[in-house]
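A short write-up of the structure that comes next.
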Amino acid sequence: MTHSTTSRAGENGGLPDDGALLAVRDLKTHFPVRGALLGRGGREVVKAVDGVTFDIRGGEVFGLVGESGSGKTTLGRSILKLAEPTSGEVLYRGRDLVPLSEREMRPLRRELGLIFQDPHAALNPAMTIVQGVGHPLRIHGLVESRTEARARVATMLDRVGLHPPERFLDIYPEDLSGGQKQRLVIARALITEPRFVVADEPVAALDMSVRARVLELMLELGRDLDLTYLFITHDLATARFLCDRIGILYLGNLVEWGPADRLFDDPQHPYTRSLLSAIPLPEAGRRVRAEMLPRGEIPDAARPPAGCRFHPRCPEAFAVCGWEGRDLVEALEERWTKVDEETFERELALVGRLDNIDVGREHVHFPSGDAVGLAAWLKEHGPSLPAPVFSGVTDVAAEHGGVTVRFRAGPEPGKQEVAGRQVACHLHGVVLRPGGDHVGEPEAEDFADYRPPEPSWRR
Numbered sequence: 112m113t114h115s116t117t118s119r120a121g122e123n124g125g126l127p128d129d130g131a132l133l134a135v136r137d138l139k140t141h142f143p144v145r146g147a148l149l150g151r152g153g154r155e156v157v158k159a160v161d162g163v164t165f166d167i168r169g170g171e172v173f174g175l176v177g178e179s180g181s182g183k184t185t186l187g188r189s190i191l192k193l194a195e196p197t198s199g200e201v202l203y204r205g206r207d208l209v210p211l212s213e214r215e216m217r218p219l220r221r222e223l224g225l226i227f228q229d230p231h232a233a234l235n236p237a238m239t240i241v242q243g244v245g246h247p248l249r250i251h252g253l254v255e256s257r258t259e260a261r262a263r264v265a266t267m268l269d270r271v272g273l274h275p276p277e278r279f280l281d282i283y284p285e286d287l288s289g290g291q292k293q294r295l296v297i298a299r300a301l302i303t304e305p306r307f308v309v310a311d312e313p314v315a316a317l318d319m320s321v322r323a324r325v326l327e328l329m330l331e332l333g334r335d336l337d338l339t340y341l342f343i344t345h346d347l348a349t350a351r352f353l354c355d356r357i358g359i360l361y362l363g364n365l366v367e368w369g370p371a372d373r374l375f376d377d378p379q380h381p382y383t384r385s386l387l388s389a390i391p392l393p394e395a396g397r398r399v400r401a402e403m404l405p406r407g408e409i410p411d412a413a414r415p416p417a418g419c420r421f422h423p424r425c426p427e428a429f430a431v432c433g434w435e436g437r438d439l440v441e442a443l444e445e446r447w448t449k450v451d452e453e454t455f456e457r458e459l460a461l462v463g464r465l466d467n468i469d470v471g472r473e474h475v476h477f478p479s480g481d482a483v484g485l486a487a488w489l490k491e492h493g494p495s496l497p498a499p500v501f502s503g504v505t506d507v508a509a510e511h512g513g514v515t516v517r518f519r520a521g522p523e524p525g526k527q528e529v530a531g532r533q534v535a536c537h538l539h540g541v542v543l544r545p546g547g548d549h550v551g552e553p554e555a556e557d558f559a560d561y562r563p564p565e566p567s568w569r570r
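Rendered as structure tokens:
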């Protein structure tokens, strides 16, 4: 793999000409599946981050929001080169970090901070506070004596609200509350005077009464120290409080990103709307949001859905979203959890042995059972299955001693500008993601005249 090492910095205070302190370009971080070398020839990987592109301007707070398993933490660690990217670029002040060795990264590490999620695990219980917070100073050779290190740590403790600092210097983390420990974690991240800080769920482990104070501290420090944050969270309400812009991450892909107020006031991706619907509305007199929570759990990143990765859970999914063979099998299984035993036995007799089903990307073949009866049943009942999988079916045929169900081409959506933000969703027009994980071999001209259905929130 070849990486660009070109520096793109301009005259804007060491930043590129567009003012971006950090630019992420088609970043991918894939991990081999444990046991795959023996069982699958070493080809299966977890696509934790899979082609992410965005910028963070100097001085802003960019929020990265998604469910557990969406790839948020891996993306943050990949940007800092704490997880090794598979491909793509991470341009920090115009310099690509991806091809740099750890030795080449070392001088840059003092400019790149990380605030960990769990303050209890992040602090070494065997170190006093002055030792733990001051440790990065020694690693980077930023102090010449213990006295100087002690003074620097005391100043930082005071800045993060641990007053008086002399009270804390020589005690151990176990003597502090959770909120005080998180202030220590922040102090340690900022002790080297970084310009860019990844804050990974920094208040998730704290009591609600403490969270707001820590968030206010982060905003204050950002203003005073001219920090740029990547703020990782699963909580959109917290992101709205803190962030200038927000990116919504799902299964390693950004699905919507733009100014925070626009995402909250008028979300344009069904996943964003689903996350927003989970936020309680305590204000008296406000209309309660209609429930739009997605079906099921976030899929396995080792086998992400083709086409739009959100389509199996999406309440707005339609014909071109990327329906494939396994979607039909899963819809049948979901149906059978809801019917009575007699109905289940009758329908299972039509389908035949489940372990004989041939499930492909563009088809499902049922080789046993009652072929004629199953074909008729699928045509009649397929459109009423729990997921709208049959919207993507092009043909149901009794053939080769069984039944084959075929699916239409379904492209993975590319980004497009919608109402002042970037969105990757076919509801706004079918745009193919270059090199995407498509069902079939779709071409852009195939969808030139295609008109997607009106989203439910506009009806």
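Quick note on numbering: the sequence shown equals residues 112 to 570 in the working numbering.
Idealized CB from N, CA, C, for every residue including glycine.
Since this is a predicted model, take the numbers as computed values, not measurements.
My output table needs one value for His-476: the three-state DSSP class, helix, strand or coil.
Looking at His-476 - three-state DSSP - the assignment turns out to be strand.
Leaving out five residues before and five after Phe-165 in sequence, what residues of the same chain have Cβ atoms less than 7 Å from its Cβ?
Closer than 7 Å at the Cβ level, and outside the excluded window around Phe-165, lie Val-135, Gly-358, Leu-365, Trp-368.
If you reduce the DSSP assignment to three classes, tell me which class Phe-455 lands in.
In the structure shown, Phe-455 sits in a helix (DSSP, three-state: H, G or I).
Look at the alpha carbon of Gly-290 and the alpha carbon of Arg-261, and state the distance between them as a whole number of angstroms.
C-alpha separation (whole angstroms): 22 Å.
Decide yes or no for the touch test of the segment 185-194 against the segment 265-272: beta carbon pairs closer than 8 Å, at least 3 of them.
In short, these stretches do not touch, since the Cβ pair count stays below three.
Check Ser-212 in the structure and name its three-state DSSP category.
Coil, per DSSP.
Can you give me the start and stop residues for the beta strand (DSSP E) that Arg-136 sits inside?
Unbroken beta strand (DSSP E) run through Arg-136: 131-143.
Taking Phe-375 as part of the alpha helix (DSSP H), name the residues at either end of that continuous run.
Segment 371-376, the alpha helix (DSSP H) holding Phe-375.
Using 10 angstroms around the beta-carbon of Val-257, count the other beta-carbons present and answer buried if the total reaches 16, otherwise exposed.
A quick correction: the sequence has Arg, not Val, at residue 257. Its Cβ having fewer than 16 others within 10 Å, Arg-257 is exposed.
Below 6 Å CB to CB, which residues in the same chain sit around Arg-398 once its five sequence neighbours on both sides are set aside?
Note that Arg-398 scores 45 on pLDDT, short of 50, meaning its location in the model is unreliable; the coordinates nonetheless yield the value given after this. Cβ within range, chain order: n/a, list empty.
Please list the terminal residues of the continuous beta strand (DSSP E) segment that includes Phe-501.
Unbroken run through Phe-501: none, as it is neither H nor E.
Between which two residues does the alpha helix (DSSP H) holding Val-321 run?
Its alpha helix (DSSP H) spans residues 319-336.
Can you tell me whether Val-514 is buried or exposed? The criterion is at least 16 other CB atoms within 10 Å of its CB, across all chains shown.
Per the 10 Å Cβ criterion, buried.
Where does Lys-158 fall in DSSP's three states?
It is a strand residue.
Leaving out the 5 sequence neighbours to the left and right, which residues in its chain are closer than 7 Å to Arg-414 when beta-carbon positions are compared?
Nothing listed; no residue qualifies.
Looking at Lys-292 and Pro-230, is the spacing between their C-beta atoms short of 8 Å?
Yes, the pair counts as a contact, with Cβ atoms nearer than the cut-off.
In terms of residue numbering, what span does the beta strand (DSSP E) encompassing Val-241 cover?
First-last for Val-241: 240-250, but that is the alpha helix (DSSP H), not the beta strand (DSSP E).
Just to check my reading of the structure: Pro-524 and Ala-509 have Cβ atoms closer than 8 Å, yes? What is that Cβ distance to the nearest angstrom?
The pair is not a contact, with the Cβ atoms about 34 Å apart (cut-off 8 Å).
Can you look up Glu-554 in the DSSP assignment and give me helix, strand or coil?
Looking at Glu-554 - three-state DSSP - the assignment turns out to be coil, as it is neither helix nor strand.
Measure the CB-CB distance between Val-541 and Pro-563 and report whether it falls below 8 Å.
Yes, Cβ-Cβ distance for Val-541 and Pro-563 is below 8 Å.
Should Tyr-561 go down as buried or exposed, given a rule of 16 or more other Cβ atoms within 10 Å for buried?
Exposed, by the Cβ-count rule.
Assign Leu-234 to one of three DSSP states: helix, strand, or coil.
Three-state result, Leu-234: coil.
To the nearest whole angstrom, what separates the beta carbons of Leu-489 and Val-470, a pair I think is in contact under 8 Å?
That pair is no contact at about 15 Å.
Give the single residue among Arg-294, Glu-435, Val-431 whose Cα lies nearest to the Cα of Gln-228.
For Gln-228, the nearest C-alpha among the options comes from Arg-294.
From this set, Val-296, Glu-327, Glu-565, Gly-546, which residue's C-alpha is nearest Pro-426's C-alpha?
For Pro-426, the nearest C-alpha among the options comes from Glu-565.
Please report the distance separating the alpha-carbon of Glu-552 from that of Phe-501.
Approximately 19 Å, taken between the alpha carbons.
Under DSSP, the beta strand (DSSP E) around Leu-202 begins and ends at which residues?
Where Leu-202 is concerned, the enclosing beta strand (DSSP E) stretches over 198-203.
Please report how far the alpha carbon of Leu-193 lies from the alpha carbon of Leu-253, in whole angstroms.
The straight-line gap from Cα to Cα measures roughly 22 Å.
From Gln-379 to Trp-434, what distance separates their C-alpha atoms?
Computed Cα separation, rounded: 21 Å.
Looking at the structure shown, is Asp-411 part of a helix, part of a strand, or coil, going by DSSP?
Coil at Asp-411, not helix or strand.
Report the three-state DSSP secondary structure of His-114 (helix, strand or coil).
Because the pLDDT at His-114 is just 40, under 50, the model does not fix this residue reliably, and the value given afterwards should be weighed accordingly. In this structure, His-114 counts as coil in the three-state DSSP scheme.
Going by DSSP, what residue range makes up the beta strand (DSSP E) through Gly-513?
Element bounds for Gly-513: 513-518.
Alpha carbon to alpha carbon, how far is Glu-331 from Val-325?
Roughly 10 Å separates the two Cα atoms.
I think Gly-174 touches Leu-353, with their Cβ atoms under 8 Å apart; what is that distance to the nearest whole Å?
Indeed, because the Cβ distance is near 7 Å, the residues count as touching under 8 Å.
Assuming the contact rule is C-beta atoms closer than 8 Å, Leu-461 and Gly-484 should be a hit. Round their C-beta distance to whole Å, please.
5 Å between Cβ atoms; contact.
Looking only at C-alpha atoms, which of Pro-305, Ala-323, Ala-237, Pro-313 sits nearest to Glu-285?
Nearest of Pro-305, Ala-323, Ala-237, Pro-313 to Glu-285, Cα basis: Ala-237.
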